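Residue numbers (full-length UniProt numbering): 1 to 256.
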Amino acid sequence: MSAAVCIVTGSATGIGAACAIELARRGWRTVINYTKSESEAKATAAGCEKAGGEALLVKASVAEDADCRRMADAALEKWGRIDGLINNAGTTKVVFNHSDLNALSAADFQSIYAVNVVGAFQMIRAVEPAMRKQGSGSIVNVSSRAGIDSIGTSIAYAASKGAMNTMTIGLARALGPQIRVNAVCPGFVETRWLAGAIGDRYEEARARYAGNSALQTTSTPEDVADVVISLLTGMRTVTGEFVIVDGGNRLGAGRR
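What follows is the structure, given as structure tokens:
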């Protein structure tokens with residue numbers, strides 16, 4: 001069989017980039033997707049090639065169904081198959097004061113859902129025919145602990161990740177037995193994206209989070225990628241599940 005192929009959305013930086021490079025180390029061919037960060041996406045593609053894998057750059061917005069289908073078509077045209085999908089693209093509006101209900105509008109919810117929920121669904125719909133034809137496929141949605149505990153950058157973001165988690169269960173049921181669908185729910189991850197969201201309070205927030213975690217640490221993109229790739233490439237009887245990657249932060253209140 002020819003080398004496996006995976007589309008990784010939002011893979012110019014952070015968790016997506018780490019996933020793409022780790023897949024390349026394992027001999028996978030990857031579609032590197034970006035919307036704005038072209039230079040970073042090229043660097044990720046170069047990292048994949050250095051690691052021994054092939055990479056294809058595709059500029060596309062997952063909020064646009066035509067772009068999702070174009071991304072799937074690009075993978076099929078180049079390599080003739082799609083074995084995996086990592087739905088990593090995400091967006092938010094930062095409103096850390098969750099009690100300030102006037103800080104979020106209907107438009108904020110709609111733009112966040114367009115990427116975090118509808119975009120993930122559209123990507124799954126775009127790759128499903130190829131996976132069905134092959135008789136197998138694996139999908140991992142990069143969700144968030146925010147979707148479980150309603151924490152994080154805003155109520156709208158948390159709600160979108162909760163919807164992604166629910167969608168993961170529904171699609172795992174709908175797409176079996178050929179296609180597995182799982183989710184990873186990271187807590188604090190040391191990414192440029194999160195640093196930009198938190199701003200000047202980033203180091204304080206990181207230290208506080210680590211101090212209240214059972215493992216006394218935060219996660220790197222590579223830590224999260226390790227779990228994502230495990231779900232994508234192994235665990236053949238696991239579907240419809242969430243894995244929390246937070247250094248045991250949820251356990252912090254009870255830690256002695």
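Just so you know, even glycine gets a beta-carbon here, dropped at the ideal spot from N, CA and C.
Model, not experiment: these values are computed from the prediction.
{"Query": "Return yes when the Cβ of glycine 119 is within less than 8 Å of the Cβ of asparagine 182, no when it is not.", "Result": "no"}
{"Query": "Is the separation between the beta-carbon of alanine 163 and that of valine 117 shorter than 8 Å?", "Result": "yes"}
{"Query": "Return the chain-ordered list of same chain residues with a C-beta closer than 8 Å to the C-beta of leucine 251, the five sequence neighbours on each side being excluded.", "Result": "Ser213, Ala214"}
{"Query": "If I follow the unbroken beta strand (DSSP E) through lysine 59, where does it start and stop?", "Result": "55-59"}
{"Query": "Start and end of the beta strand (DSSP E) containing asparagine 165?", "Result": "Taken as a continuous stretch (DSSP letters only), asparagine 165 belongs to no beta strand (DSSP E), being part of the alpha helix (DSSP H) at 155-175."}
{"Query": "Report the CB separation of alanine 146 from lysine 161 in whole angstroms; it is logged as a contact under 8 Å.", "Result": "5 Å"}
{"Query": "Answer yes or no: does any C-beta atom of chain B fall closer than 8 Å to that of leucine 23?", "Result": "Reference to chain B is not applicable here, since this structure consists of a single protein chain."}
{"Query": "Between glycine 10 and asparagine 88, which are expected to be in contact by the criterion C-beta below 8 Å, what is the C-beta distance as a whole number of angstroms?", "Result": "4 Å"}
{"Query": "Could you pull the DSSP bridge partners for proline 186 from this structure?", "Result": "Val245"}
{"Query": "So the candidates are Ala24, Trp28, Ile21; which of them puts its Cα closest to the Cα of alanine 3?", "Result": "Trp28"}
{"Query": "Going by beta-carbon coordinates alone, are leucine 232 and valine 243 separated by less than 8 Å?", "Result": "no"}
{"Query": "Would the beta-carbon of valine 238 fall within 8 Å of that of valine 184?", "Result": "no"}
{"Query": "Going by beta-carbon coordinates alone, are aspartate 65 and glutamine 122 separated by less than 8 Å?", "Result": "yes"}
{"Query": "So threonine 217 is in the beta strand (DSSP E); what residue range does that whole segment cover?", "Result": "Unbroken run through threonine 217: none, as it is neither H nor E."}
{"Query": "With C-beta atoms as the reference, is alanine 103 less than 8 Å away from asparagine 97?", "Result": "yes"}
{"Query": "Indicate whether alanine 43 and leucine 56 have their beta-carbon atoms separated by less than 8 Å.", "Result": "no"}
{"Query": "Just grab the DSSP bridge partners of isoleucine 7 for me.", "Result": "Val31, Leu85"}
{"Query": "Please classify valine 238: does DSSP put it in a helix, a strand, or coil?", "Result": "coil"}
{"Query": "Tell whether a beta-carbon distance below 8 Å holds between residue 257 and threonine 217.", "Result": "Since the displayed the chain opens at 1 and closes at 256, residue 257 lies outside it and no answer follows."}
{"Query": "Please state the DSSP three-state secondary structure of glycine 119.", "Result": "helix"}
{"Query": "Which of the three DSSP states is assigned to isoleucine 112 in this structure?", "Result": "helix"}
{"Query": "Put glycine 137 into one of helix, strand or coil per three-state DSSP.", "Result": "strand"}
{"Query": "Please name the residue, chosen from Pro129, Val224, Ile155, that lies closest to isoleucine 179 on a Cα-to-Cα basis.", "Result": "Pro129"}
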